[in-house]
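A.B. asks: Numbering (the UniProt record's numbering), first residue to last: 1 to 274.
One structure, pasted below without further comment.
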Amino acid sequence: MSHDRVLHLSPDSHMTVLGCASNSASGPTTSFVVYANEKGLLIDTGVDPIGRLTYNREDVAQVSSVIVTHSHSDHCAGFANFVFTRQLLAKNCDGIPPLQVYANRQTLNALDSQLKTQYPNREFDVIENEVIAGEAMRTPEGFTLVFLDSAHEVPAVSARITHDLHDWTIGIQSDSAPSNRFLKFFEGATVLVAEVHSLETDSGRLRRVHERGHSGLADAARLVEMVQPEVAIPFHLPSEFFSSAAAAATVAAALGEAGRRGLQCLPTIGQCTD
């Protein structure tokens with residue numbers, strides 16, 4: 001298979017799951033891209049955004065905005081490489097717009113440090129947009145972004161994404177302990193990206209997952225049941241999901257029909273096929 005499966009949102013917009021594993025040993029880590037009218041919005045870079053975009057035959061030069069939910073490496077280790085490579089591509093184009101970066105202040109500081117550490121003598125056309133929970137921000141490509149602070153080990157944000165020209169809403173849960181605030185925030189979402197960090201069913205062990213700032217399958221199932229999206233995409237999946245067909249079936253059963261549609265969109269690299 002030369003590329004992964006695409007979620008078609010409308011005739012002129014689509015979403016691709018570039019990565020959904022909780023660590024690189026299992027497969028590509030958290031990253032998504034949404035294209036509307038050929039203009040792209042990247043949600044977390046993961047570890048290898050250029051490789052994943054290229055593998056999926058996506059146009060890197062048309063990605064001019066990126067959301068970074070938080071500063072953990074599985075979500076943003078590839079940021080500096082993305083910025084660097086995108087600027088190289090500009091030499092072969094008629095010019096590309098500045099890269100708009102949307103993140104909280106702590107994450108922006110981490111991204112700036114990453115970029116300056118790796119490329120201390122270079123200048124990049126990057127515009128930082130500090131997000132404030134509850135305030136809508138509009139990207140140059142016509143996306144509207146609203147953010148919600150999330151309970152994680154480091155400051156993190158979840159996002160709600162719409163577009164001027166399209167009748168869909170995408171909800172992106174960051175790594176986060178479960179919260180009733182998600183029910184209102186994601187209300188009416190067409191697509192819901194929900195964290196499944198653990199398949200644990202024991203309440204005591206699941207509580208420890210929450211204490212580390214993560215959600216498990218039971219939490220995702222409840223969120224999907226309450227929000228009722230058309231498509232539910234699990235992410236931050238544990239290693240057993242990729243190594244065990246039974247574990248993958250457990251996730252599918254818990255997330256229902258919306259989850260079945262979402263599972264069809266996951267990357268094929270590293271996925272269990274037995």
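Glycine included, each C-beta is placed from N, C-alpha and C at the ideal position.
Measuring only the C-alpha atoms, how far is V157 from A246?
C.D. replies: Computed Cα separation, rounded: 32 angstroms.
A.B. asks: Return the CA-CA distance between F147 and A249, expressed in angstroms with no decimal places.
C.D. replies: Between F147 and A249, the C-alpha separation is close to 32 angstroms.
A.B. asks: By how many angstroms is the C-alpha of R5 removed from the C-alpha of D59?
C.D. replies: Their backbone Cα atoms lie some 16 angstroms apart in a straight line.
A.B. asks: Using CA atoms only, rank isn't needed, just tell me which of H214, I161, H166, I170 is closest to S179.
C.D. replies: Comparing Cα positions, the closest option is H214.
A.B. asks: Check L266 in the structure and name its three-state DSSP category.
C.D. replies: Three-state DSSP puts L266 in coil, outside helix and strand.
A.B. asks: What residues match up with K91 in a beta bridge as DSSP calls it?
C.D. replies: Bridge partners of K91: none, in fact.
A.B. asks: Flag this pair as touching only if the region 191–202 and the region 217–236 have three or more C-beta atom pairs under 8 angstroms; answer yes or no.
C.D. replies: Contact between the region 191–202 and the region 217–236 is present, because at least three Cβ pairs lie under 8 angstroms.
A.B. asks: Among all the DSSP beta bridges, which residues are the ones paired with S10?
C.D. replies: According to DSSP, S10 bridges with S13.
A.B. asks: I need the boundaries of the alpha helix (DSSP H) containing V112, first residue and last residue.
C.D. replies: Reading the sequence as shown, one finds Asp at residue 112 and not Val. From DSSP, the alpha helix (DSSP H) with D112 extends over 105–118.
A.B. asks: Mind checking which residues open and close the beta strand (DSSP E) that includes T162?
C.D. replies: Note, T162: beta strand (DSSP E), 156–163.
A.B. asks: Have a look at F32, C93, V154 and flag the residue whose alpha-carbon is nearest the alpha-carbon of V66.
C.D. replies: It is F32.
A.B. asks: Between the Cα of D219 and the Cα atoms of Q173, E187, L108, which residue gives the shortest distance?
C.D. replies: Nearest C-alpha to D219: Q173.
A.B. asks: Unbroken beta strand (DSSP E) runs of length 3 or more, entirely within the region 139–204: which are they?
C.D. replies: Here the runs fully enclosed are 143–150, 156–163, 166–172, 191–195.
A.B. asks: Would you say V146 faces chain B, with C-beta separation under 9 angstroms as the test?
C.D. replies: Absent from the structure: chain B. Only one protein chain is present.
A.B. asks: Identify every run of the alpha helix (DSSP H) within the region 194–257, keeping only runs that are complete inside it and at least 4 residues long; order them along the chain.
C.D. replies: Listed in chain order, they are 203–211, 217–227, 239–243.
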